[in-house]
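Residue numbers (the numbering used here): 5 to 159.
Report on the structure given below.
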């Protein structure tokens with residue numbers, strides 16, 4: 005089933021309403037999935053629509069906060085991953101001082117527009133080389149980073 009929402013555009017219902025979208029991350033454009041929580045009939049809240057609009061309209065302002073949060077999180081966990089990968093550590097969890105050094109080790113996977121009542125909640129999910137199973141997730145509430153961790157931490 006497909007619908008055409010005034011804000012989200014054309015969405016298709018699979019396990020959740022979804023569509024393909026493009027985002028710029030680490031100076032590279034990526035194709036990702038946009039997921040929108042909603043009823044089977046395609047009903048979404050005004051708060052979800054506002055979350056989507058604010059995210060897109062302010063992406064250039066939000067992105068530096070996301071990058072800083074990712075770098076801080078990565079630097080707090082990468083030694084554990086280096087221990088796991090042993091001789092291959094530099095291929096999966098290198099030492100980095102700047103966010104740009106993570107290029108090739110992280111890429112956006114999907115954005116989930118949550119139905120979270122009065123707060124604008126977006127879960128931004130990433131694939132990572134250092135954690136191939138669980139990746140990385142960022143939860144934004146009202147355009148501010150509030151959770152950074154594996155994807156399960158934000159979903």
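By construction, the Cβ of each residue, glycine as well, lies at the ideal position given by its N, Cα and C atoms.
Go through the region 26-51 residue by residue and report every complete run of the beta strand (DSSP E) that reaches 3 residues or more, in order.
Within the region 26-51, the complete beta strand (DSSP E) segments of 3 residues or longer fall at 32-40, listed in chain order.
What distance in whole Å lies between the Cβ atoms of residue 110 and residue 117, which are believed to be in contact at a cut-off of 8 Å?
Working through the chain shown from its first residue, we reach residue 117 at position 113. Working through the chain shown from its first residue, we reach residue 110 at position 106. Taking C-beta atoms under 8 Å as the contact rule, residue 117 and residue 110 fail to qualify, at a distance of about 21 Å.
Quick one: what's got a C-beta closer than 7 Å to residue 157's C-beta in the same chain, skipping five residues either side?
Walking along the chain shown from the start, residue 157 turns up at place 153. The residues are 141 and 151.
Range of the contiguous alpha helix (DSSP H) that encloses residue 156
Translated into positions along the chain shown, residue 156 becomes position 152. Residue 156 -> alpha helix (DSSP H) spans 155-158.
Buried or exposed, going by whether 16 or more other CB atoms sit within 10 Å of the CB of residue 112?
Translated into the one-based positions of the chain shown, residue 112 becomes position 108. Around the Cβ of residue 112, a 10 Å sphere holds 16 or more other Cβ atoms; the residue is buried.
So, with DSSP's three-state summary, where would you put residue 133?
Taking the first residue of the chain shown as 1, we reach residue 133 at position 129. The answer is coil: DSSP assigns residue 133 none of H, G, I, E or B.
For residue 155, which of 77, 95, 86 and 47 has the nearest alpha-carbon?
To locate residue 155, count along the chain shown from 1; it is residue 151. Nearest option by C-alpha distance: 77.
From the DSSP output, in three-state form, read off residue 95 for me.
Residue numbering aside, residue 95 sits at position 91 when the chain shown is read from its first letter. The answer is helix: DSSP assigns residue 95 an H, G or I state.
How is the alpha helix (DSSP H) around residue 84 delimited, first residue to last?
Along the chain shown, one-based indexing puts residue 84 at 80. Per DSSP, residue 84 is one residue of the alpha helix (DSSP H) stretching across 63-89.
Nearest CA to the CA of residue 143: which residue from 135, 70, 32 and 44?
Within the chain shown, residue 143 is the residue found at index 139, counting from 1. Nearest option by C-alpha distance: 70.
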